[in-house]
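Working notes for the structure below.
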């Protein structure tokens with residue numbers, strides 16, 4: 001029998017108990033809280049015994065794929081192995097309160113301070129804040145630094161435009177809008193890189209910044225990066241580096257040396273902290289010295305032999321997040337960097353690039369089209385053979401036990417499959433993946449009906465997203481209310 | 483140790499496939515001048531060595547598992563099943579569920595989380611989570627401004643000062659105007675709102691711990707066409723009338739009290755819930771129930787047309803990664819507690835904090851500075867600067883007396899107690915404070 005997987009609410013039985021807090025002391029809640037302030041009816045939470053809760057989530061987890069279970073080459077997301085050492089380390093720091101006397105949290109502050117230093121070194125920047133909670137939050141922080149810088153020079157009113165390549169991550173233009181800027185798109189050239197002439201033409205006194213990721217979302221290193229940055233700097237334009245793709249170049253080159261003024265990193269991508277089904281992440285921001293005065297408060301500073309929280313930054317953009325950021329994520333990244341060291345980071349990037357190029361060659365050999373077929377960095381964009389859709393290839397991959405690549409992105413490539421294998425996958429895994437991709441292509445072209453209805457073996461099959469968008473059901477309700 | 487599986491033979495074969503001989507050639511498209519900078523980082527080490535180093539660093543901290551510090555995060559007990567389930571690799575190492583057929587675990591868990599947040603707040607719709615309480619407030623206010631097409635924001639001083647600072651950063655960026663209404667006697671006074679005000683914000687229990695009467699603000703806001711953003715600790719909603727019942731349009735807050743350790747301030751998770759009419763203005767991920775081609779129930783990400791990867795510069799927010807795993811930890815905790823367990827947990831917190839207030843205010847020179855009723859936190863006026871008291875208490879092994887910013891008054895400190903504190907803890911802190919002040 002093929003039953004729906006029950007929700008917690010459907011498993012609930014009135015009067016059943018799970019975890020019990022210690023017996024509360026006698027208290028007259030109406031007297032302590034005010035009778036008018038009390039809620040009339042308790043929230044309708046599920047009533048379950050402890051085993052039912054454990055079994056529910058354990059079985060839910062079996063309806064979920066992660067890096068721990070399957071190859072997960074999701075482009076631009078760097079789904080590499082997340083060492084369990086990070087989890088063990090983070091647990092050592094779980095019971096710290098952000099407002100405890102800083103003298104009683106010197107170990108934690110030391111980690112923040114040293115991680116700021118490590119990330120500055122890896123990116124070639126002068127100062128780093130760890131406050132942003134994710135990549136997009138880091139982007140906003142970085143753009144606000146640039147805005148504050150222009151304002152401090154009396155050019156805030158004049159510089160209202162941010163240039164973003166048409167291949168950029170969607171969060172870049174969204175961030176520029178949130179930072180109060182107008183977005184102007186710059187086209188890519190036929191080689192997949194930013195069109196330098198188009199960019200020069202777009203530069204002007206009204207431009208505040210250019211947001212770039214390098215390697216770009218096609219996985220291609222922008223070879224004219226030095227000329228591009230010089231051209232922008234000549235016009236007083238600041239260069240923003242989206243660090244989502246830093247996994248390609250750690251230890252091989254630094255955004256700071258390229259001339260970027262500000263950079264954000266994703267600790268949950270490049271520095272191997274787990275993605276958690278969509279966070280929590282961490283999005284540190286590095287800045288060159290001229291932008292450092294604007295960093296959010298607080299940062300951590302070493303004063304003699306004590307680590308102190310520094311709120312004394314008169315030009316700061318303010319605060320981006322409560323407390324000090326996602327400290328638990330920082331601990332995991334700290335462990336990762338300390339385990340790898342400079343040599344390990346460099347090798348990780350080399351293997352990430354090797355895996356991507358190997359896969360690119362092998363997939364081309366079995367019929368996938370590579371629109372920009374040259375040396376790539378940590379990822380590349382492929383297209384299915386003529387006659388197949390990216391979506392169908394993705395769904396077919398599910399039956400072969402693979403998480404699909406990112407599909408239909410970047411927007412400048414039709415039917416894009418954006419593939420990032422990462423460095424922690426073995427040659428055998430890549431070879432088997434290529435075999436599966438080859439078989440999908442062959443079978444899909446022979447039997448369009450078959451591929452159009454994949455997947456067949458997953459817990460649920462293709463879902464009706466149109467219905468979900470037209471008439472969203474965003475919460476469970478008891479039957480009598482629906 | 484770099485976690486790469488490549489043997490020298492693998493590397494040779496793979497390079498040969500590319501017609502290359504050396505790894506360095508993989509970077510031939512980078513400008514020569516940039517290549518291979520010397521990075522000055524500590525030498526690599528084994529897991530055993532690094533964890534030993536981390537234990538040394540941890541030993542330089544004094545754990546705050548029985549802290550009496552107010553200001554948001556509190557030491558609540560996290561049942562063992564929460565980390566055990568959250569650490570399952572399928573949840574831990576997945577990303578945003580773009581492929582619903584193999585992501586029903588996360589998607590259904592988020593759907594259940596959304597339901598629980600809607601229930602707690604008394605509102606219709608919750609999203610999948612935001613970074614933290616402060617970012618949730620900022621997003622809630624931006625949502626209200628989009629909906630009302632106005633650019634004025636009024637915030638009560640009772641809202642956590644760090645949240646207000648974050649809000650100010652976000653609002654400055656879009657050119658909105660932020661006005662603050664000062665507390666009077668620890669409570670938000672009634673106010674009238676001008677026609678350009680799109681969002682009014684209050685917090686209950688407020689930063690000083692006092693339970694506010696939101697009714698006058700809700701009425702005045704709605705009379706002038708503004709939306710009400712209500713900041714609440716979700717644990718308080720086990721007992722207190724929820725934002726939806728007070729008439730608030732948007733509820734936001736930080737979820738640390740549900741299933742998450744304090745983590746030195748993060749990660750926790752931010753929540754946001756709204757009335758149905760605001761659903762399409764919500765930032766971030768939303769999970770909807772639907773069905774598959776065989777008619778089986780399933781879940782998908784919905785209304786993605788609000789989001790940055792589709793709408794780009796016109797998105798409702800730039801957020802992509804949120805705080806999914808920590809939000810699921812909150813849901814797991816709620817599922818394990820059930821309505822009675824949650825109410826008992828909240829009641830124990832209320833009882834302990836009131837007992838603590840009684841003990842502390844019995845000390846000569848210590849006065850309650852929060853008007854009653856209060857929930858889990860309260861402020862007292864001390865005869866000495868709070869920083870000195872916090873440090874003197876820390877020297878005696880007690881974490882307590884969060885210094886309150888001077889804008890609220892001189893020598894104020896925030897205290898809190900929870901179900902995790904015993905009678906002996908309360909007595910011990912009271913004795914220590916008496917010593918420090920004598």
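Residue numbers (this note's numbering), protein chains in the order written: chain X, 1 to 482; chain G, 483 to 920.
Ideal placement from N, C-alpha and C gives every residue a C-beta, glycine not left out.
Predicted, not measured: the structure shown is a model, and the values here were computed from it.
Contacts around residue i, its chain only, beta-carbon distance under 6 Å, and the 5 residues preceding and following it disregarded
| i | result |
| --- | --- |
| residue 1 of chain X | Residue placement at residue 1 of chain X is flagged as unreliable, the pLDDT there being 46, under the threshold of 50; the coordinate-derived value follows with that caveat. Taken in chain order, the list of residues that qualify is empty. |
| residue 367 of chain X | 385, 441 |
| residue 712 of chain G | 725, 730, 733 |
| residue 25 of chain X | none |
| residue 397 of chain X | 404 |
Close Cβ partners of residue i (< 7 Å) along its chain, the five nearest in sequence each way excluded
| i | result |
| --- | --- |
| residue 476 of chain X | 7, 9 |
| residue 694 of chain G | 640, 669, 670, 684, 686, 688 |
| residue 248 of chain X | 215, 349, 352, 353, 377, 378 |
| residue 813 of chain G | 591, 594, 595, 598 |
| residue 82 of chain X | 67, 272, 273, 274 |
Close Cβ partners of residue i (< 8 Å) along its chain, the five nearest in sequence each way excluded
| i | result |
| --- | --- |
| residue 427 of chain G | This structure cannot speak to residue 427 of chain G, because chain G is shown only from 483 to 920. |
| residue 390 of chain X | 383, 384, 407, 408, 415, 416, 417 |
| residue 114 of chain X | 334 |
| residue 832 of chain G | 721, 857, 858 |
| residue 156 of chain X | 147, 150 |
Range of the contiguous beta strand (DSSP E) that encloses residue i
| i | result |
| --- | --- |
| residue 418 of chain X | 417-419 |
| residue 897 of chain G | 894-898 |
| residue 454 of chain X | Where residue 454 of chain X is concerned, there is no enclosing beta strand (DSSP E), given that its DSSP letter is neither H nor E. |
| residue 110 of chain X | Residue 110 of chain X -> not in any beta strand (DSSP E); alpha helix (DSSP H) instead, spanning 106-123. |
| residue 182 of chain X | 182-186 |
| residue 779 of chain G | 779-783 |
| residue 736 of chain G | 732-736 |
| residue 165 of chain X | 161-165 |
| residue 753 of chain G | 752-756 |
Where residue i meets chain X, residues with beta-carbon distance less than 9 Å
| i | result |
| --- | --- |
| residue 790 of chain G | 136, 169, 170, 171, 172, 173, 174, 175 |
| residue 633 of chain G | By Cβ distance, chain X contributes nothing, its closest Cβ being about 12 Å from residue 633 of chain G, past 9 Å. |
| residue 804 of chain G | 133, 134, 278, 279, 280, 281 |
| residue 872 of chain G | 99, 100, 101 |
Beta-carbon neighbours of residue i, restricted to chain G and to distances below 7 Å
| i | result |
| --- | --- |
| residue 329 of chain X | 749 |
| residue 87 of chain X | 569 |
Residue(s) in a DSSP beta bridge with residue i
| i | result |
| --- | --- |
| residue 774 of chain G | X/463 |
| residue 302 of chain X | X/307 |
| residue 535 of chain G | Its beta-bridge partners do not exist; DSSP assigns none. |
| residue 634 of chain G | G/659, G/679 |
| residue 211 of chain X | X/240 |
| residue 850 of chain G | G/862 |
N- and C-terminal bounds of the alpha helix (DSSP H) containing residue i
| i | result |
| --- | --- |
| residue 712 of chain G | Note, residue 712 of chain G: premise wrong, no alpha helix (DSSP H); beta strand (DSSP E) at 709-713. |
| residue 173 of chain X | 171-178 |
| residue 200 of chain X | 196-202 |
| residue 988 of chain G | As displayed, chain G neither begins before 483 nor continues past 920, which places residue 988 of chain G out of reach and without an answer. |
| residue 137 of chain X | 135-152 |
Amino acids of chain X, ordered along the chain, whose beta-carbon sits closer than 8 Å to that of residue i
| i | result |
| --- | --- |
| residue 881 of chain G | 97, 100, 101, 104 |
| residue 590 of chain G | 5, 7, 60, 63 |
| residue 706 of chain G | By Cβ distance, chain X contributes nothing, its closest Cβ being about 25 Å from residue 706 of chain G, past 8 Å. |
Neighbouring residues, chain X, relative to residue i (Cβ below 7 Å)
| i | result |
| --- | --- |
| residue 561 of chain G | 19 |
| residue 476 of chain G | Given a span of 483 to 920 for chain G in the structure shown, any question on residue 476 of chain G remains unanswerable. |
Contacts of residue i in chain G (Cβ-Cβ under 8 Å)
| i | result |
| --- | --- |
| residue 110 of chain X | 539, 542 |
| residue 76 of chain X | Within chain G, no residue comes near residue 76 of chain X; the closest Cβ sits about 10 Å away, beyond 8 Å. |
**Message:** I want to know whether the segment 742-758 of chain G touches the segment 319-327 of chain X - three or more CB-CB distances under 8 Å.
**Reply:** yes
**Message:** Taking contact to mean 3 or more Cβ pairs, one atom from each stretch, closer than 8 Å, check whether the segment 753-760 of chain G and the segment 778-795 of chain G are in contact.
**Reply:** no
**Asked** Is the segment 162-173 of chain X in contact with the segment 123-132 of chain X, if contact means three or more CB pairs nearer than 8 Å?
**Response** no
**Prompt:** Is there contact between the segment 252-260 of chain X and the segment 515-532 of chain G, where contact requires at least three CB pairs shorter than 8 Å?
**Reply:** yes
**Asked** If you pair each beta-carbon of the segment 573-593 of chain G with each one of the segment 290-308 of chain X, do three or more pairs fall below 8 Å?
**Response** no
**Asked** Would you call the segment 734-745 of chain G and the segment 87-99 of chain X in contact, with 3 or more CB pairs under 8 Å?
**Response** yes
**Request:** Answer yes if the segment 197-213 of chain X comes into contact with the segment 826-844 of chain G, meaning at least three C-beta pairs across the two stretches below 8 Å, and no otherwise.
**Result:** no
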